[in-house]
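1 is the number of the first residue of the sequence shown in full-length UniProt numbering; add one for each residue after it.
C-beta atoms are modelled at their ideal positions from N, C-alpha and C, and glycine is treated no differently.
Bear in mind that the values here come from a model prediction, so they are computed numbers and not experimental data.
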Amino acid sequence: MADFSGPLPGAEPDSAALIAARPHLTMDAEKGLMLEGVALAEIAADLGSPVWVYGADTIRTRLAALRAALTKAGLGGTDIHYAVKANDHLAILAVLAAAGAGADVVSGGELARARHAGIPAAHIVYSGVGKSFRDLTLAVSEGIGQVNVESREELAMLSAVAVAAGRQVDLVLRVNPDVDAKTHAKITTGLAENKFGIAWAEVESVYAYAGSLPGLNPVGLAMHIGSQIVSTEPFDTAFARMAGMVARLRAAGHTISRLDCGGGIGISYEAGTGVSLDDYAGVMAKHLGGLGLHLMMEPGRWLVGPAGVLLSSVIIAKKTGNRDFVVLDAAMNDLVRPAMYDAWHGIVPVAAAVAAGPQAPVDIVGPVCETGDTFAKDRLMPALGPDALVAILDAGAYGAVMSSTYNARPFAAAALVDGDRWTTITPRQQVTELWSRETVPAWLTETAGETG
Ligand SMILES: *Cc1c(COP(=O)(O)O)cnc(C)c1O
1 MADFSGPLPG
11 AEPDSAALIA
21 ARPHLTMDAE
31 KGLMLEGVAL
41 AEIAADLGSP
51 VWVYGADTIR
61 TRLAALRAAL
71 TKAGLGGTDI
81 HYAVKANDHL
91 AILAVLAAAG
101 AGADVVSGGE
111 LARARHAGIP
121 AAHIVYSGVG
131 KSFRDLTLAV
141 SEGIGQVNVE
151 SREELAMLSA
161 VAVAAGRQVD
171 LVLRVNPDVD
181 AKTHAKITTG
191 LAENKFGIAW
201 AEVESVYAYA
211 GSLPGLNPVG
221 LAMHIGSQIV
231 STEPFDTAFA
241 RMAGMVARLR
251 AAGHTISRLD
261 CGGGIGISYE
271 AGTGVSLDDY
281 AGVMAKHLGG
291 LGLHLMMEPG
301 RWLVGPAGVL
311 LSSVIIAKKT
321 GNRDFVVLDA
331 AMNDLVRPAM
341 YDAWHGIVPV
351 AAAVAAGPQA
361 PVDIVGPVCE
371 TGDTFAKDRL
381 MPALGPDALV
391 AILDAGAYGA
401 VMSSTYNARP
411 FAAAALVDGD
421 RWTTITPRQQ
431 VTELWSRETV
441 PAWLTETAGE
451 TG
């Protein structure tokens, strides 16, 4: 997949092309790279690096564009539930909640975050292949809008929870349409061999079973075939199959009023445009528009991915054998996507004068003791000396949420830009916080011979 292995060597977009393809980024001759109206150098000077920076207005604009495309296709009533796992920062959730988005959560923790950010429980759907009894109890007691159930076993559990709480729970069945999303294997979820959803051949019997259980109100179907899907073709196939299943279930006497189309819309990590929203909405309308369904979708990456950058400074530029390396102060513990999914991210120098310099191929790596800690190989870059600041682009989704403190590297800081203003939304973690929740058993430190 082009978006994962990246463009062919020599065909990679340069800084100017990367910036030109992203309306929220501009290069100011004096202030350097700007996100919306704020100079990224100013944020790094204040907060240090590495630091995540997100653009609130960029997220709002993207949500509005998605809504406009749906409306244009005659699907204006579609409910958008933001997939919290893409970026669960409270400030990001607050931006989306204020713009009227609901949430799609996959754990009790995400449910609590979404509620804490002010998203009403009725606007939250709960997905996931392994919801615990405890998390389902929390969701039902909060009055969750919908549970996307993935198995017969989960139906029995949810029914018991609903009965104990004295509530009627709206649910849809997440079905597995057995469609190849043609994306990276680690984020393909809609093939029969994947762990997700109810097998196609069993949908009718499981739907009937759901209707027979007390406390449950089956109202429709859900699908989610994968993430970073860069063509409409897999959606076309999947939506056609879903429409067929809706017809079959209705013919069997079931009421099917909702259909949750999941997430997965891909973005261009390069200088392209990504999936056309008009094409996506058109495919949705073609198969699902005339069926009298309340449609829903769960985009994550598409809304927030391009809206974030990871700013990082060069620690050292070194030559090893015949290879040139630039070692950044960001690493795979901050942004794991290159190591985990072979993801290609644009990397742009923040200073205009640096960005304009002559280019040569370098490997851009982090300081973690693993070869996988590589952001880019043979990337054509201008000379980057110590302390040069770079922006790793499109880091707003599956970035900070997947961070760890591996190599005892504290979690990075984060800032939110909104037009011309910005503020810190997460301070850098202190090194002492790394062990603040750890204890050493007293017996390990007792002096020999001492009596207790
Ligand atoms: C991850 C996920 C999403 C969001 O996927 P994106 O590719 O980020 O749009 C939506 N729904 C479900 C059930 C998911 O697991």
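Quiz item: Using 8 Å as the Cβ pair cut-off and three pairs as the minimum, do the region 252-270 and the region 40-59 touch?
Solution: Because the criterion of three Cβ pairs below 8 Å is not met, the region 252-270 and the region 40-59 do not touch.
Quiz item: Residues near ligand 1, CB to any non-hydrogen atom under 5 Å, in chain order?
Solution: A83, A86, S127, H224, S227, G262, G263, G264, E298, P299, G300, R301
Quiz item: Taking the alpha carbon of A412 as the point to measure from, which residue in R421, I425, G419 has its own alpha carbon closest?
Solution: Numbered from its first residue, the sequence shown carries residue 412 at position 412. Nearest of R421, I425, G419 to A412, Cα basis: I425.
Self-check item: Cβ shell of T374 (< 6 Å), same chain only, five flanking positions each side left out
Solution: Along the sequence shown, read from residue 1 onward, the residue named residue 374 stands at position 374. Its chain contains V365 as the residues whose beta carbon lies nearer than 6 Å to that of T374, once the 5 sequence neighbours on both sides are disregarded; these appear in chain order.
Quiz item: How many Å lie between R250 and V51 at the Cα?
Solution: Taking the first residue of the sequence shown as 1, we reach residue 250 at position 250. Taking the first residue of the sequence shown as 1, we reach residue 51 at position 51. If I take the Cα positions, the gap works out to 51 Å.
Self-check item: Whole-angstrom distance between A181 and L295, CA atom to CA atom
Solution: For this step, residue 295 is matched to residue 295 along the sequence shown. For this step, residue 181 is matched to residue 181 along the sequence shown. About 21 Å.
Self-check item: Environment of T273 [buried if 16+ CB atoms lie within 10 Å]
Solution: Looking up residue 273 in the sequence shown gives position 273. Looking at its Cβ environment, which holds fewer than 16 other Cβ atoms inside 10 Å, T273 is exposed.
Practice problem: For L90, name the three-state secondary structure that DSSP assigns. | Solution: Locating residue 90 in the sequence shown gives position 90, counting from the first residue. L90 falls in the helix class under three-state DSSP.
Self-check item: Beta carbon of R174 nearer than 8 Å to that of H224
Solution: To locate residue 174, count along the sequence shown from 1; it is residue 174. To locate residue 224, count along the sequence shown from 1; it is residue 224. For R174 and H224, yes; Cβs fall inside 8 Å.
Quiz item: What is the C-beta distance between G300 and Y126, in whole angstroms, given that I count them as a contact (C-beta under 8 Å)?
Solution: As a working mapping, residue 300 is identified with position 300 in the sequence shown. As a working mapping, residue 126 is identified with position 126 in the sequence shown. Actually they do not touch by this definition, with Cβ atoms about 15 Å apart.
Practice problem: Inspect the beta-carbon positions of L213 and V169 and report whether they are closer than 8 Å. | Solution: Mapped onto the sequence shown, residue 213 falls at position 213. Mapped onto the sequence shown, residue 169 falls at position 169. No, the pair does not count as a contact, with Cβ atoms beyond the cut-off.
Quiz item: How is the alpha helix (DSSP H) around P234 delimited, first residue to last?
Solution: Position 234 of the sequence shown, counted from the first residue, corresponds to residue 234. Membership of P234 in the alpha helix (DSSP H) is indicated by the continuous run 233-251.
Quiz item: Per the contact definition of three or more C-beta pairs closer than 8 Å, is the region 273-292 in contact with the region 236-243?
Solution: yes
Quiz item: Who are the Cβ neighbours of D66 in its own chain at under 8 Å, not counting the five residues just before and after it?
Solution: What you label residue 66 is simply residue 66 of the sequence shown in a count that begins at 1. Before going further, note that residue 66 is Leu rather than Asp in the sequence given. If we look at L66 and ignore the five residues flanking it on each side, its Cβ neighbours are I80, L277, P299, W302, L303.
Practice problem: Report the option in D279, D28, A307 whose CA atom is closest to the CA atom of D394. | Solution: Mapped onto the sequence shown, residue 394 falls at position 394. For the residues D279, D28, A307, the minimum Cα distance to D394 belongs to A307.
Quiz item: Can you check whether the CB of S313 is closer than 8 Å to the CB of D378?
Solution: Stepping through the sequence shown from its first residue, residue 378 is reached at position 378. Stepping through the sequence shown from its first residue, residue 313 is reached at position 313. Here D378 is not near S313, since their CB atoms are 8 Å or more apart.
Quiz prompt | CB of G419 within 8 Å of CB of Y54, strictly | solution = Translated into the one-based positions of the sequence shown, residue 419 becomes position 419. Translated into the one-based positions of the sequence shown, residue 54 becomes position 54. With contacts defined as CB atoms closer than 8 Å, G419 and Y54 fail to qualify as a contacting pair.
Quiz item: Under three-state DSSP, which class holds D3?
Solution: Along the sequence shown, one-based indexing puts residue 3 at 3. In this predicted model, D3 has a pLDDT of only 43, less than 50, meaning its place in the structure is not dependable; the value taken from the coordinates is given anyway. In this structure, D3 counts as helix in the three-state DSSP scheme.
Quiz item: Relative to the C-alpha of E12, which residue among R437, W344, T432 is closest?
Solution: Position 12 of the sequence shown, counted from the start, is the residue given in the question as residue 12. Nearest of R437, W344, T432 to E12, Cα basis: W344.
Self-check item: One or two residues paired with V365 in a DSSP bridge
Solution: On the sequence shown, position 365 is the one that residue 365 refers to. Under DSSP, V365 takes part in a beta bridge, and its partners are V327, T374.
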